[in-house]
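Q: Just dropping this structure here.
Number of protein chains: 2
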Amino acid sequence: MLMFREEEIRAGVKLDDQALEAVETAFRTLATGNVSQPPVARVDIPEENGEADIKTAYIEGFDGFAVKVSTGFFNNETYGLPSLGGLMMLFSTKTGQPKALLQDNGYLTDVRTGLAGAVAAKHLAPANVKTAGVLGTGMQARMQIEALQLVRSFEQVLVYGRRQEKAEAYQKEMEEKLGCPVKVVTTMEEVVKGSEVVVTTTPATAPYLKPEWLHSNLHITAVGSDAPDKQELEVGVFEKADIAACDVWAQSKQMGEGRAALEAGVLHEDTPLRELGAIIAGLESTRSNESAITVCDLTGTGVQDTAIAMHAYQALKKSEE
Amino acid sequence: MLMFREEEIRAGVKLDDQALEAVETAFRTLATGNVSQPPVARVDIPEENGEADIKTAYIEGFDGFAVKVSTGFFNNETYGLPSLGGLMMLFSTKTGQPKALLQDNGYLTDVRTGLAGAVAAKHLAPANVKTAGVLGTGMQARMQIEALQLVRSFEQVLVYGRRQEKAEAYQKEMEEKLGCPVKVVTTMEEVVKGSEVVVTTTPATAPYLKPEWLHSNLHITAVGSDAPDKQELEVGVFEKADIAACDVWAQSKQMGEGRAALEAGVLHEDTPLRELGAIIAGLESTRSNESAITVCDLTGTGVQDTAIAMHAYQALKKSEE
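Written as structure tokens, this is what we have:
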């Protein structure tokens, strides 16, 4: 069993085309191959304001399957520790034996979440993107826009954050990383109206993105909602979209944007959000013209974890040889 | 993060009173304290005849919570590897950070399963047990009877196995371990009729233990059924029992003996099997006299894994100091 620490993993696993391909293949296999992906197992530790989520998936054709434990312990600040953490284990799909322990403290989750956004944009966004917009200024606001560069050559970024100093820190850091101008704007509306791709990355529990802001030639990826109490998009966004998609409908309808839309009667069980894997595989249609409006809700799936863990294992094993 | 290998774990963790107490406390807390125990997450790898089960639970008052991955890969014999494997990880309930990786290859599962049987017998079996009976000759046939010695002083063991040579191997090994006679008998009926405690440990998919074999002064623990296709007890056993219990009803009715009894209408959702934790805590009654017939169905729960992982961590950390 190989052991890798966060530092090594950060050095060896990047947002690049190989990692993107691993995540894209995982989604495609969800639609076309044999996949076993149980529901997320969640443990609550209320006495310490803590929670742990366990995700796993077997994907046909992958040599290993990951078991990921993600932790959120929100008293940790008082102990001088980060709130979020976690690790992944990789097991052989041939023998069940452990192949690797990846002590990434959540880094690989950040990467695979960013890459899922890039996969969604690759298959749904307009071909020509001049401006990429992002709501929120945290880790995913960074990962999503950096990963988007793998699939679309945008010329500038619009960013909105509730706290000015965080938006400015984002601007500074990302202008250097992306090599293009990043403009801080003062309303969410400006971001949506001024961009061809918008990524929403906030932990909002009340929807804020309004259907009246939508315009032709637009793709929105919603990354924030991963629990039943979260929501970023007003349900009218789904009514206005030409194509509405998600990573996995079973999750979206429970803990993603699908939940509120289903409750409001905007979506129905027999007309669910189409799944990203089916779009990648050509089993569901995507935008038919540059001017369409598309939306994709991402809740985070076990197949992404298995894909990034296998990719990391191969990359890191190679660098050790 | 401390790492322990199978050899160290086997040397440091035994079927003893401390381990028994850890498992008993875990069950009691299921009834009296705050516990978070999600359903088992199962991954199937049909191409390799493999499966992985993931169990976890937080138990109030325990410093750590375990995440256990158990694997069964039934082509492994052709690769010269054992079919069953697995490991446990222990995380801090205070910070969520990993405390230990226990590469036990399933040993701790064997131990905690044996201990659950001992806890069931402690609280349900007649006080005076002269003969302990066991059906099956595998690992749990060993663990259950060895653990039973912690709570009842029996004088002899009756064992039945389909294969004579395995029963004889059991006899030889266990006479030495237990320090009392072990008698191989040729029918299951003889085991049940001749014992005050019976443990069923087979992977049977059709019930074989008949209600007509039951007699006064008897406790039966059924360990075999841990999947919806398994069953050891005819449902009439539950009709005849004075007290019928299980580890966790939510699991027993899905993958334990509760399932068939519920389907047959012998049990009902509003009169479920009483849970072991509630019996330990005195919230549900147990046998009121020596002559009663009691039954307990064990499916294996995440709280046992957390209990044994914490116990192992404390024992092994101490031995390192």
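Protein chains in written order, with our numbering: chain A, 8 to 328; chain B, 8 to 328. Just so it is clear, CB atoms sit at the ideal spot from N, CA and C, and this is done for glycine as well.
Please state the DSSP three-state secondary structure of VAL310(B).
A: Within the second sequence, numbered from 1, the residue matching residue 310(B) stands at position 303. Residue state for VAL310(B) is assigned as helix, using DSSP reduced to three classes.
Q: Give me the chain B residues within the contact set of ALA123(A), using Cβ-Cβ distance strictly less than 8 Å, ordered along the chain.
A: Along the first sequence, one-based indexing puts residue 123(A) at 116. Per Cβ cutoff of 8 Å: no residues; ALA123(A) is ~20 Å from chain B at best.
Q: Using a Cβ-Cβ cutoff of less than 6 Å, which residues in the same chain neighbour MET365(A) once the five nearest sequence positions on both sides are dropped?
A: An answer regarding residue 365(A) cannot be provided, because it is not within the stretch 8 to 328 covered by chain A.
Q: Put PRO89(B) into one of helix, strand or coil per three-state DSSP.
A: By 1-based counting over the second sequence, the position of residue 89(B) is 82. DSSP places PRO89(B) in coil when its eight states are reduced to three.
Q: Suppose you measure from the CA of GLU219(A) to the CA of LEU274(A); what does that come to, to the nearest Å?
A: Mapped onto the first sequence, residue 219(A) falls at position 212. Mapped onto the first sequence, residue 274(A) falls at position 267. Between GLU219(A) and LEU274(A), the C-alpha separation is close to 19 Å.
Q: What does the Cβ neighbour count give for ALA213(A), buried or exposed, with the cut at 16 atoms within 10 Å?
A: Translated into positions along the first sequence, residue 213(A) becomes position 206. Per the 10 Å Cβ criterion, exposed.
Q: At what residues does the alpha helix (DSSP H) containing VAL212(B) begin and finish?
A: Indexing the second sequence from 1 puts residue 212(B) at position 205. Checking the sequence, you will find Thr at residue 212(B) rather than Val. First-last for THR212(B): undefined, no H or E at that position.
Q: Tell whether a beta-carbon distance below 8 Å holds between VAL166(A) and LEU22(A).
A: As a working mapping, residue 166(A) is identified with position 159 in the first sequence. As a working mapping, residue 22(A) is identified with position 15 in the first sequence. Their beta carbons are not under 8 Å apart, which means VAL166(A) does not touch LEU22(A) by this criterion.
Q: Report yes or no: is there a C-beta of chain B within less than 8 Å of the C-beta of THR364(A)?
A: Residue 364(A) lies beyond the range of chain A shown here (8 to 328); nothing can be said about it.
Q: Apart from the five residues on each side of it in sequence, which residues of its chain come closer than 7 Å, Cβ to Cβ, to VAL76(B)?
A: Residue numbering aside, residue 76(B) sits at position 69 when the second sequence is read from its first letter. Hits under 7 Å: ALA59, ILE61, GLY93, LEU94.
Q: Report the option in GLY284(B), ARG170(B), GLY121(B), ALA38(B) whose CA atom is closest to the CA atom of MET146(B).
A: As a first step, residue 146(B) must be located in the second sequence, where it is residue number 139. The residue with the shortest Cα to Cα distance from MET146(B) is GLY121(B).
Q: Would you mind giving the Cβ-Cβ distance between ALA148(B) and VAL141(B), rounded to the nearest angstrom? I have them listed as a contact below 8 Å.
A: Against the second sequence, residue 148(B) aligns to sequence position 141. Against the second sequence, residue 141(B) aligns to sequence position 134. Going by Cβ atoms, the distance from ALA148(B) to VAL141(B) rounds to 5 Å, so yes, they are a contact pair.
Q: Taking C-alpha atoms, which residue in THR193(B), ARG170(B), GLY231(B), GLN238(B) lies nearest to GLN151(B)?
A: Here residue 151(B) refers to the residue found at position 144 when the second sequence is read from its first residue. Considering only alpha carbons, the answer is GLY231(B).
Q: In the DSSP output, which residue or residues are listed as bridge partners for CYS253(A)?
A: Here residue 253(A) refers to the residue found at position 246 of the first sequence. Its beta-bridge partners are GLU282(A), ASP304(A).
Q: Mind checking the stretch 308-320 of chain B against chain A and listing, in chain order, the residues whose C-beta falls within less than 9 Å of any C-beta there?
A: GLY309
Q: So, is GLY263(A) buried or exposed, given that buried needs 16 or more other C-beta atoms within 10 angstroms?
A: As a first step, residue 263(A) is located in the first sequence; it is residue number 256 there, counting from the start. With 16 or more other Cβ atoms within 10 Å, it is buried.
Q: Within 10 Å of its beta-carbon, does GLN171(B) have 16 or more other beta-carbons around it, so buried, or fewer, so exposed?
A: Mapped onto the second sequence, residue 171(B) falls at position 164. Taking a 10 Å sphere around the C-beta of GLN171(B), we find fewer than 16 other C-beta atoms and assign the residue as exposed.
Q: Quick one: list the residues of chain A neighbouring ILE16(B), beta-carbon separation under 7 Å, in chain order.
A: Within the second sequence, numbered from 1, the residue matching residue 16(B) stands at position 9. Near ILE16(B) there are no residues of chain A at all, since even the closest Cβ is about 15 Å away, more than 7 Å.
Q: In chain order, what residues of the same chain have a beta carbon less than 7 Å from the beta carbon of MET181(B), not counting five sequence neighbours either side?
A: Against the second sequence, residue 181(B) aligns to sequence position 174. Counting only Cβ-Cβ distances below 7 Å, and skipping sequence neighbours, we find ARG149, ILE152, VAL164, VAL189.
Q: Kindly identify the DSSP beta-bridge partner or partners of ALA139(B).
A: Locating residue 139(B) in the second sequence gives position 132, where the first residue counts as 1. Partner(s): VAL164(B), VAL204(B).
Q: Expressed to the nearest angstrom, what Euclidean distance is found between the alpha-carbon atoms of MET96(B) and PRO105(B)?
A: Walking along the second sequence from the start, residue 96(B) turns up at place 89. Walking along the second sequence from the start, residue 105(B) turns up at place 98. If you draw a straight line from the Cα of MET96(B) to the Cα of PRO105(B), it comes to about 7 Å.
Q: Would DSSP call MET181(A) helix, strand or coil?
A: Residue mapping note: residue 181(A) aligns to position 174 of the first sequence, counting from 1. In this structure, MET181(A) counts as helix in the three-state DSSP scheme.
Q: If distances are taken between C-alpha atoms only, which option among ASP236(B), ALA234(B), ILE250(B) comes closest to THR278(B)?
A: Within the second sequence, numbered from 1, the residue matching residue 278(B) stands at position 271. Comparing Cα positions, the closest option is ILE250(B).
Q: Could you give the C-beta distance for SER202(A) and ALA252(A), rounded to a whole number, given that I count them as a contact under 8 Å?
A: For the purposes of this step, residue 202(A) is identified with residue 195 of the first sequence, where counting begins at 1. For the purposes of this step, residue 252(A) is identified with residue 245 of the first sequence, where counting begins at 1. Their Cβ separation, rounded to whole angstroms, is 18 Å, which puts SER202(A) and ALA252(A) out of contact at 8 Å.
Q: Return yes when the Cβ of VAL126(B) is within less than 8 Å of the Cβ of GLU31(B), no when it is not.
A: Translated into the one-based positions of the second sequence, residue 31(B) becomes position 24. Translated into the one-based positions of the second sequence, residue 126(B) becomes position 119. Closer than 8 Å, so yes.
Q: Mapping the DSSP letters down to three states, classify LEU157(B) as helix, strand or coil.
A: In the second sequence, counting from the first residue as 1, residue 157(B) sits at position 150. Looking at LEU157(B) - three-state DSSP - the assignment turns out to be coil, as it is neither helix nor strand.
Q: Nearest-angstrom Cα distance between ALA73(A) and VAL50(B)?
A: Locating residue 73(A) in the first sequence gives position 66, counting from the first residue. Locating residue 50(B) in the second sequence gives position 43, counting from the first residue. Cα-Cα distance, rounded: 10 Å.
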